[in-house]
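S.K.: Line by line, the protein sequences are chains A and B. Position one of the first sequence corresponds to residue 1 (my numbering), numbered consecutively onward. Position one of the second sequence corresponds to residue 1001 (my numbering), numbered consecutively onward. Quick one: structure below, then a few questions.
There are 2 protein chains.
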Amino acid sequence: MNIELIEAAAARIAGHVRQTPLLHSPFLDAIAGRRVWVKAECLQHTGSFKYRGGRSAISALDPATRARGVIAYSSGNHAQGIARAAAELGAPAVIVMPADAPALKIANTRAMGAEVVLYDRAGGVLREAVGERIAAERGLTLIRPYDEPQVIAGQGTAGLEIAAQAAEAGVARADVLVCCGGGGLTAGIALALEARAPGLRARPCEPEGFDDTARSLASGRIERNAQQAGGLCDAILTPAPGKLTFPILARLCGPGIVVSDAQCLHAMALAFLRLKIVLEPGGAAALAAALFHPDAVAGDDVIAVATGGNVDPGLFARALGML
Amino acid sequence: MNIELIEAAAARIAGHVRQTPLLHSPFLDAIAGRRVWVKAECLQHTGSFKYRGGRSAISALDPATRARGVIAYSSGNHAQGIARAAAELGAPAVIVMPADAPALKIANTRAMGAEVVLYDRAGGVLREAVGERIAAERGLTLIRPYDEPQVIAGQGTAGLEIAAQAAEAGVARADVLVCCGGGGLTAGIALALEARAPGLRARPCEPEGFDDTARSLASGRIERNAQQAGGLCDAILTPAPGKLTFPILARLCGPGIVVSDAQCLHAMALAFLRLKIVLEPGGAAALAAALFHPDAVAGDDVIAVATGGNVDPGLFARALGML
Chain A
1 MNIELIEAAA
11 ARIAGHVRQT
21 PLLHSPFLDA
31 IAGRRVWVKA
41 ECLQHTGSFK
51 YRGGRSAISA
61 LDPATRARGV
71 IAYSSGNHAQ
81 GIARAAAELG
91 APAVIVMPAD
101 APALKIANTR
111 AMGAEVVLYD
121 RAGGVLREAV
131 GERIAAERGL
141 TLIRPYDEPQ
151 VIAGQGTAGL
161 EIAAQAAEAG
171 VARADVLVCC
181 GGGGLTAGIA
191 LALEARAPGL
201 RARPCEPEGF
211 DDTARSLASG
221 RIERNAQQAG
231 GLCDAILTPA
241 PGKLTFPILA
251 RLCGPGIVVS
261 DAQCLHAMAL
271 AFLRLKIVLE
281 PGGAAALAAA
291 LFHPDAVAGD
301 DVIAVATGGN
311 VDPGLFARAL
321 GML
Chain B
1001 MNIELIEAAA
1011 ARIAGHVRQT
1021 PLLHSPFLDA
1031 IAGRRVWVKA
1041 ECLQHTGSFK
1051 YRGGRSAISA
1061 LDPATRARGV
1071 IAYSSGNHAQ
1081 GIARAAAELG
1091 APAVIVMPAD
1101 APALKIANTR
1111 AMGAEVVLYD
1121 RAGGVLREAV
1131 GERIAAERGL
1141 TLIRPYDEPQ
1151 VIAGQGTAGL
1161 EIAAQAAEAG
1171 VARADVLVCC
1181 GGGGLTAGIA
1191 LALEARAPGL
1201 RARPCEPEGF
1211 DDTARSLASG
1221 RIERNAQQAG
1231 GLCDAILTPA
1241 PGKLTFPILA
1251 RLCGPGIVVS
1261 DAQCLHAMAL
1271 AFLRLKIVLE
1281 PGGAAALAAA
1291 LFHPDAVAGD
1301 DVIAVATGGN
1311 VDPGLFARAL
1321 GML
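Given below as structure tokens:
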């Protein structure tokens, strides 16, 4: 992984991926005690940064491979990012989703033209087994959600934008807080910042109980979460940092920050009130860290990446109750 | 009023006003039966386009006049736009607000550094009388919400952005639907489009019962609303088109479109779901027209200006119930 791979991804996806704005509000600054800049990736196509990696990975395939199709496992944002990018690029797409995934997410993925294969999560079936069988039978290319160089490169294009937007805003030194699951986005941003904005430093933000990356960074080796599911931040619940992503994180990132689900809900409510954007809990973890863990950050500015906004209306209404 | 005034406003406010994105979603296209482009002015500073006009007007004052201060009457978005612009430009600001305005809006306006003068709306006191007395006593300059050339010019900068963004998206011919109260934004956009994108045509969108502009355009003279208050679209409830704005609208705009409050709520819910932005009812009228009045529009594309997102959490949760 290197900056050239990210620059090549940026060239492939230019004109397709949306350059998302860097928002701010004096009301959020007052809460955090410093200037807070929010990279609104919830405004990306499909409602999360995942479209960057999906478009990057599928566009990097040679035409014959692409024409055979791609496969991904995901119950959420990666599914939608892959489905949309595949449809745009004329690649058949199979998405393996748990049968108990929200009906809306299944419907959305189908509406984007993907074939959805459901598996019974409760029955002990592993999605990897389902996916590998289908991939082998049909000659499909698996697009992993984070341990995939072209996916990391695509997510890194968000880091190129942050570097340029921070410079335009006059921010030369700051922590860049990133909602972190497997670490694809955090690693991509860290690589982009290393090359383009060395005064900015990426830092992973995770929910309590799923702080595998924070603990891994502290111990220097890959640590796993005890639990596999639970809590509100479904978008960033992964068992452990990736084999490709962790060495990048270990080399480039500052310490992780851990936030509570309640803080994520509160950050969602404040993003509604002050920025007029919609965040999901896992997409609000970095903003929650910026607002409610000011002592974990140094400097006059902090940048929080608001990674996604695919949240059910009922849960969003619950977050608004924090106001 | 002319394009030079808008270009001069754009030069004055450059680097302060946010260039808001032009969003779209294939899911909204499917509802409307054509491509729907949403100019997300809810992401503007203070949560509505009103900051453009406020910054334009106050920055156009000569330094001595500006130092004496400005005054505005508003219970909503104009108040916040003026208060923030005044604070940034070092102008004292007095905002005359009804005593029964939402506590949050009064608090926000004060937090932005303005002096808030409350008047008793129920007691039959006219805000104009309160404002004129204070303006005379203190030598303040009144900034009217729409019948003010430098305010119209500032709002017109949104039209300059729409012209450029539509060209970038390959849209040469389309109706540009604008949520319309007194017509300052609609007039400004219409003037900008006339000069920069003659294939784009502005059209005002209003709620039922407050369709003064639609009726005025139909009759060719200024018509008034029978009622002065009511409904959900408080941001765009005005008694009649302005004396400055109406001749511009009559010369340049297509027919008005009238939407229901329920359609505005539904459009808010769809903007939440598909675009991840927060709209208030009056800020969703144009999107409601694009989605639910497809026969009122012609062509393969339509552009809807989403003018603001300053909505109470309870009302927003109610809108989400439409999903």
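Every residue, glycine too, gets a C-beta built ideally from N, C-alpha and C.
The alpha helix (DSSP H) with residue 1287 of chain B in it runs from where to where?
M.R.: Residue mapping note: residue 1287 of chain B aligns to position 287 of the second sequence, counting from 1. Taken as a continuous stretch (DSSP letters only), the alpha helix (DSSP H) holding residue 1287 of chain B covers 1285-1292.
S.K.: Between B/1017, B/1031, B/1047 and B/1089, which lies nearest to residue 271 of chain A when the distance is taken from Cα to Cα?
M.R.: Working through the first sequence from its first residue, we reach residue 271 of chain A at position 271. Checked all of B/1017, B/1031, B/1047 and B/1089; the closest Cα to residue 271 of chain A is B/1047.
S.K.: Distance check for residue 45 of chain A and residue 310 of chain A, CA to CA, integer angstroms please.
M.R.: Counting from one through the first sequence, the residue named residue 310 of chain A turns up at place 310. Counting from one through the first sequence, the residue named residue 45 of chain A turns up at place 45. Near 11 Å, if we compare the C-alpha coordinates of residue 45 of chain A and residue 310 of chain A.
S.K.: Which residues, in order along the segment 1272-1289 of chain B, keep a beta-carbon less than 7 Å from a beta-carbon of chain A?
M.R.: Correct list: 1272, 1276, 1277 and 1278.
S.K.: For residue 33 of chain A, I'd like the list of residues in its chain whose CB is within less than 8 Å of its CB, leaving aside the five on either flank, ordered along the chain.
M.R.: As a position in the first sequence, residue 33 of chain A is number 33, starting the count at 1. Same-chain partners within the cutoff: 294.
S.K.: Just reading off the beta strand (DSSP E) that residue 1039 of chain B is part of, what are its end residues?
M.R.: Position 39 of the second sequence, counted from the first residue, corresponds to residue 1039 of chain B. From DSSP, the beta strand (DSSP E) with residue 1039 of chain B extends over 1035-1040.
S.K.: What would DSSP say about residue 247 of chain A, mapped onto helix, strand or coil?
M.R.: To locate residue 247 of chain A, count along the first sequence from 1; it is residue 247. If DSSP states are grouped into helix, strand and coil, residue 247 of chain A belongs with the helices.
S.K.: So residue 120 of chain A and residue 99 of chain A are in contact, right, with Cβ under 8 Å, and what is the actual spacing, rounded?
M.R.: For this step, residue 120 of chain A is matched to residue 120 along the first sequence. For this step, residue 99 of chain A is matched to residue 99 along the first sequence. Their Cβ separation, rounded to whole angstroms, is 5 Å, which keeps residue 120 of chain A and residue 99 of chain A in contact under 8 Å.
S.K.: Below 7 Å between beta carbons is the criterion; list the residues of the segment 1309-1321 of chain B that meet it against any residue of chain A, in chain order.
M.R.: Within the segment 1309-1321 of chain B, the residues whose Cβ lies closer than 7 Å to some Cβ of chain A are 1309, 1313, 1316, 1317 and 1320, listed in chain order.
S.K.: Taking buried to mean at least 16 other C-beta atoms within 10 Å of its own C-beta, is residue 219 of chain A buried or exposed?
M.R.: In the first sequence, counting from the first residue as 1, residue 219 of chain A sits at position 219. Its Cβ having fewer than 16 others within 10 Å, residue 219 of chain A is exposed.
S.K.: Which runs of the alpha helix (DSSP H) spanning at least 4 residues fall entirely within the segment 104-171 of chain A, listed in chain order?
M.R.: Whole alpha helix (DSSP H) segments, 4+ residues: 127-138 and 149-168.
S.K.: What does DSSP give as the partner residues of residue 1176 of chain B in its beta bridges?
M.R.: Numbered from its first residue, the second sequence carries residue 1176 of chain B at position 176. Answer is B/1202 and B/1303.
S.K.: Tell me which residue opens and which closes the alpha helix (DSSP H) that residue 1003 of chain B is part of.
M.R.: Residue numbering aside, residue 1003 of chain B sits at position 3 when the second sequence is read from its first letter. Here the alpha helix (DSSP H) through residue 1003 of chain B covers 1003-1013.
S.K.: Give the DSSP-derived three-state secondary structure of residue 1056 of chain B in the structure shown.
M.R.: Within the second sequence, numbered from 1, the residue matching residue 1056 of chain B stands at position 56. Reduced to three states, the DSSP call for residue 1056 of chain B is helix.
S.K.: Using a Cβ cut-off of 9 Å, pull out every chain B residue sitting near residue 18 of chain A, in sequence order please.
M.R.: Here residue 18 of chain A refers to the residue found at position 18 of the first sequence. Per Cβ cutoff of 9 Å: 1021 and 1023.
S.K.: Can you confirm whether the segment 182-202 of chain A touches the segment 237-248 of chain A when touching is taken to mean that 3 or more C-beta pairs between the two stretches lie within less than 8 Å?
M.R.: With the cut-off at 8 Å, the segment 237-248 of chain A and the segment 182-202 of chain A touch.
S.K.: Can a CB atom of chain B be found closer than 9 Å to the CB of residue 269 of chain A?
M.R.: Numbered from 1 along the first sequence, position 269 holds the residue referred to as residue 269 of chain A. Output row for residue 269 of chain A: interface = yes.
S.K.: Just checking: is the beta-carbon of residue 1102 of chain B within a distance shorter than 9 Å of some beta-carbon in chain A?
M.R.: By one-based count along the second sequence, residue 1102 of chain B stands at place 102. No, residue 1102 of chain B does not count as interfacial toward chain A.
S.K.: Does DSSP put residue 189 of chain A in a helix, a strand or coil?
M.R.: In the first sequence, the residue the question calls residue 189 of chain A occupies position 189. Note: residue 189 of chain A maps to helix in three-state DSSP.
S.K.: Using only the alpha-carbon positions, how far apart do residue 1014 of chain B and residue 1054 of chain B sit?
M.R.: Taking the second sequence and counting its residues from 1, one reaches residue 1014 of chain B at position 14. Taking the second sequence and counting its residues from 1, one reaches residue 1054 of chain B at position 54. Each residue's alpha carbon lies about 13 Å from the other.
S.K.: Report, in whole angstroms, the separation of the C-beta atoms of residue 112 of chain A and residue 72 of chain A, which I expect to be a contact under 8 Å.
M.R.: Taking the first sequence and counting its residues from 1, the one referred to as residue 112 of chain A is at position 112. Taking the first sequence and counting its residues from 1, the one referred to as residue 72 of chain A is at position 72. About 12 Å; that fails the 8 Å criterion.
S.K.: Can you give me the C-alpha to C-alpha distance between residue 252 of chain A and residue 1089 of chain B, rounded to a whole angstrom?
M.R.: Walking along the first sequence from the start, residue 252 of chain A turns up at place 252. Walking along the second sequence from the start, residue 1089 of chain B turns up at place 89. Each residue's alpha carbon lies about 41 Å from the other.
S.K.: So with CB distances below 7 Å, who are the chain B contacts of residue 54 of chain A?
M.R.: In the first sequence, the residue the question calls residue 54 of chain A occupies position 54. Under the 7 Å cutoff, chain B gives no residues; its nearest Cβ is about 15 Å from residue 54 of chain A.
S.K.: Indicate the three-state DSSP secondary structure (helix, strand or coil) for residue 25 of chain A in the structure shown.
M.R.: Within the first sequence, residue 25 of chain A is the residue found at index 25, counting from 1. Three-state result, residue 25 of chain A: coil.
S.K.: From the DSSP output, which residues share a beta bridge with residue 322 of chain A?
M.R.: On the first sequence, residue 322 of chain A is found 322 positions in, with the first residue counted as 1. Answer is none; residue 322 of chain A lacks a bridge partner.
S.K.: Express the C-alpha separation of residue 1256 of chain B and residue 1263 of chain B in angstroms, rounding to a whole number.
M.R.: Position 263 of the second sequence, counting from 1, holds the residue named residue 1263 of chain B. Position 256 of the second sequence, counting from 1, holds the residue named residue 1256 of chain B. The alpha-carbon atoms of residue 1263 of chain B and residue 1256 of chain B are separated by roughly 16 Å.
S.K.: What are the residues of the segment 30-44 of chain A that lie near chain D, defined by any Cβ-Cβ distance shorter than 7 Å?
M.R.: Any reference to chain D falls outside this structure, whose protein chains are A and B.
S.K.: Taking the beta carbon of residue 151 of chain A as the centre, do at least 16 other beta carbons fall within 10 Å, making it buried, or is it exposed?
M.R.: On the first sequence, position 151 is the one that residue 151 of chain A refers to. It is buried - the Cβ of residue 151 of chain A has at least 16 other Cβ atoms within 10 Å.
S.K.: Residue 1234 of chain B: buried (16+ other C-beta within 10 angstroms of its C-beta) or exposed?
M.R.: As a working note, residue 1234 of chain B is residue 234 in the second sequence. Result: buried.
S.K.: If you draw a straight line from the alpha carbon of residue 96 of chain A to that of residue 127 of chain A, how long is it in whole angstroms?
M.R.: Your numbering for residue 96 of chain A matches position 96 in the first sequence. Your numbering for residue 127 of chain A matches position 127 in the first sequence. Rounded to whole angstroms, residue 96 of chain A to residue 127 of chain A spans 7 Å at the Cα level.
S.K.: Would you kindly work out how many angstroms separate the C-alpha atoms of residue 1161 of chain B and residue 1286 of chain B, rounded to a whole number?
M.R.: The residue you call residue 1161 of chain B lines up with position 161 of the second sequence. The residue you call residue 1286 of chain B lines up with position 286 of the second sequence. Approximately 17 Å, taken between the alpha carbons.
S.K.: Going along chain A, which residues have a C-beta under 7 Å from residue 981 of chain B?
M.R.: The question about residue 981 of chain B has no answer, for chain B in this structure spans 1001 to 1323.
S.K.: Going by C-alpha to C-alpha distance, which of B/1019, B/1273 and B/1282 sits closest to residue 1207 of chain B?
M.R.: Taking the second sequence and counting its residues from 1, the one referred to as residue 1207 of chain B is at position 207. Here the closest residue by C-alpha is B/1282.
S.K.: I want to see whether chain A comes within less than 9 Å of residue 1026 of chain B, judged by CB atoms only; does it?
M.R.: Translated into the one-based positions of the second sequence, residue 1026 of chain B becomes position 26. Yes - at least one Cβ of chain A is within 9 Å of the one on residue 1026 of chain B.
S.K.: Can you confirm whether residue 111 of chain A, when its beta carbon is compared against all beta carbons of chain B, has any partner nearer than 9 Å?
M.R.: Position 111 of the first sequence, counted from the start, is the residue given in the question as residue 111 of chain A. Closer than 9 Å: yes.
S.K.: What does the Cβ neighbour count give for residue 196 of chain A, buried or exposed, with the cut at 16 atoms within 10 Å?
M.R.: On the first sequence, residue 196 of chain A is found 196 positions in, with the first residue counted as 1. By the neighbour-count rule (16 or more Cβ atoms within 10 Å), residue 196 of chain A is buried.
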